[in-house]
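J.: The structure's right below; bear with me while I get my questions together.
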Amino acid sequence: MVDILLYALLAGSLLAAATGPLGSLLTWQRMAYYGDTLAHSALLGAALGLALHTDVEWSVLVVCAGVASLLFALQYRSAASLDSLLGILSHTGLALGLVCLSFLRGARFDLNAFLFGDLLSVTPGDLVRLAIIVAVVLAVLVRLWPALVSITAHADLAAVEGIPVQRLRLIFMLLLAATVAIAMKVVGVLLVTAMLIIPATTAGRLARSPEQCAALATGLGLLSVVLGLAGSWYWDSPGGPSIVLAAASLFALSLLAPGRRASI
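According to full-length UniProt numbering, the sequence shown is numbered sequentially starting from 1.
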């Protein structure tokens, strides 16, 4: 039992390390529902993985990356607004996933675990894959952080300074896609957006700089994982939703403190 809790804690901590800085950038760019679009398309990835008899997590990763690339292309080539594109891709991916799953009647697939996470079933193999992807995400973020903050603050000025704005935005979208794909085991695809948005929003009220906001969002995510797992153990509640409720409680507490906004 101790091993199960340790694996769950490590998995949640790794996810928080990625969602902290990514969520900060996401909220600054006012793209909060981008995570929902990727999460809904993840169901299509799972269905394709089952149909092709491949690893579901990797098929979800490929589909999420494909949707991120498609959204990036449509954003610059379509007259539709970003909100409209997010809504269209989100619900189209969800509908396709549900239709594909309906044809796989003999497949063994725990839909509840996929949607809401199954943190206590994390294996050492899951941890290794999670650690590899999180390490790659963090390495890219550290390398590109100043440029990503620049295009978030003022994209036109960043372009004048020679920063490749479109390329960096595509990279950022792909990093988010990878994070959403690996989060399904921890909090489920329906709740991953909460892990991206809530700690980052809470941190944004208290931090003075982008770096402080990213670090504080990571810390709040870690604290949410610890509190959520403790609550899950004590009340025998689902792990993923318990973590999200812990994060929401921390946000509610932050409302009692005088708010600041991280300066970008």
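Yeah, the Cβ is synthetic: ideal placement off N, Cα and C, and Gly gets one too.
Bear in mind the structure is a predicted one, so any value in this text is a computation, not a measurement.
(1) What residues in its chain sit with their C-beta under 6 Å from that of A32, if we drop five residues either side in the sequence?
(2) As a quick exercise: from V226, A131, L227, T201, pick the residue whose alpha carbon is nearest that of A215.
(3) Between the segment 3-18 and the segment 59-72, do at least 3 Cβ pairs fall closer than 8 Å?
(4) How many Å lie between A135 and L96 at the Cα?
(5) On the three-pair Cβ rule with 8 Å, is the segment 169-181 touching the segment 33-45?
(6) Are the CB atoms of G231 and A247 nearer to each other than 9 Å?
(7) Going along the chain, which residues of its own chain have a beta-carbon closer than 6 Å to the beta-carbon of G45, five neighbours each way excluded?
(8) Just to confirm my understanding: we take S249, look at its own chain, exclude 5 residues before and 5 after, and list those with CB closer than 7 Å. What are they?
(9) Alpha carbon to alpha carbon, what distance is there between E57 and residue 273?
(10) Let me check understanding here. Comparing Cα to Cα, which of A42, K185, T218, I4 lies closest to L89?
(11) For the putative contact between L175 and L141, defined by C-beta atoms under 8 Å, what is the C-beta separation to the nearest angstrom?
(12) Please state the DSSP three-state secondary structure of L119.
(13) Anyone know if the C-beta pair for V187 and L22 falls short of 9 Å?
(14) Looking at G239: is its Cβ nearer than 9 Å to the Cβ of A8?
(15) Quick check: what's the CA-CA separation for S84 versus L74?
(16) In chain order, what residues of the same chain lie with their CB nearer than 6 Å to the CB of A159, ignoring the 5 residues before and after it?
(17) To the nearest angstrom, report how far apart D118 and C100 are at their CA atoms.
(18) Apart from the five residues just before and just after F116, which ones in its own chain have a Cβ nearer than 7 Å to its Cβ?
(19) Find the nearest neighbour of L245 within the set G221, A257, L170, judged by alpha-carbon distance.
(20) Give the secondary structure of T54 by DSSP, where H, G and I count as helix, E and B as strand, and everything else as coil.
(21) Determine the direct distance from the alpha carbon of S78 to that of A131, and round the result to whole angstroms.
T.: By the coordinates alone:
(1) Here residue 32 refers to the residue found at position 32 when the sequence shown is read from its first residue. Correct list, in chain order: I197.
(2) Looking up residue 215 in the sequence shown gives position 215. Comparing Cα positions, the closest option is T201.
(3) no
(4) What you label residue 135 is simply residue 135 of the sequence shown in a count that begins at 1. What you label residue 96 is simply residue 96 of the sequence shown in a count that begins at 1. For A135 and L96, the distance between alpha carbons rounds to 31 Å.
(5) yes
(6) Taking the sequence shown and counting its residues from 1, the one referred to as residue 231 is at position 231. Taking the sequence shown and counting its residues from 1, the one referred to as residue 247 is at position 247. No, these two residues do not count as a Cβ contact at 9 Å.
(7) Looking up residue 45 in the sequence shown gives position 45. Here the set comprises S59, V60, V63.
(8) Residue mapping note: residue 249 aligns to position 249 of the sequence shown, counting from 1. Cβ neighbours of S249 beyond the five flanking positions: none.
(9) Shown here, the chain extends from 1 to 264; a query on residue 273 therefore has no answer.
(10) Position 89 of the sequence shown holds residue 89. The residue with the shortest Cα to Cα distance from L89 is A42.
(11) The count along the sequence shown starts at 1 and reaches residue 175 at position 175. The count along the sequence shown starts at 1 and reaches residue 141 at position 141. Right, the Cβ-Cβ distance comes to about 7 Å (below 8 Å), so this counts as a contact.
(12) Counted from its first residue, the sequence shown places residue 119 at position 119. Three-state DSSP puts L119 in a helix.
(13) As a first step, residue 187 is located in the sequence shown; it is residue number 187 there, counting from the start. As a first step, residue 22 is located in the sequence shown; it is residue number 22 there, counting from the start. No, these two residues do not count as a Cβ contact at 9 Å.
(14) Here residue 239 refers to the residue found at position 239 of the sequence shown. Here residue 8 refers to the residue found at position 8 of the sequence shown. In contact: G239 and A8 (Cβ atoms closer than 9 Å).
(15) As a first step, residue 84 must be located in the sequence shown, where it is residue number 84. As a first step, residue 74 must be located in the sequence shown, where it is residue number 74. So the alpha carbons of these two residues sit roughly 11 Å apart.
(16) In the sequence shown, residue 159 corresponds to position 159, counting from 1. Here the set comprises V165.
(17) The residue you call residue 118 lines up with position 118 of the sequence shown. The residue you call residue 100 lines up with position 100 of the sequence shown. Rounded to the nearest angstrom, the two C-alpha atoms are 22 Å apart.
(18) Counting from 1 along the sequence shown, the entry for residue 116 is found at position 116. Result list for F116: G188, L190, L191, P238, G240, P241, in chain order.
(19) As a first step, residue 245 is located in the sequence shown; it is residue number 245 there, counting from the start. Ranking the options by Cα distance to L245, first place goes to G221.
(20) As a working mapping, residue 54 is identified with position 54 in the sequence shown. Coil at T54, not helix or strand.
(21) Here residue 131 is taken as the residue at index 131 of the sequence shown, counted from 1. Here residue 78 is taken as the residue at index 78 of the sequence shown, counted from 1. Going by the C-alpha atoms only, they are around 37 Å apart.
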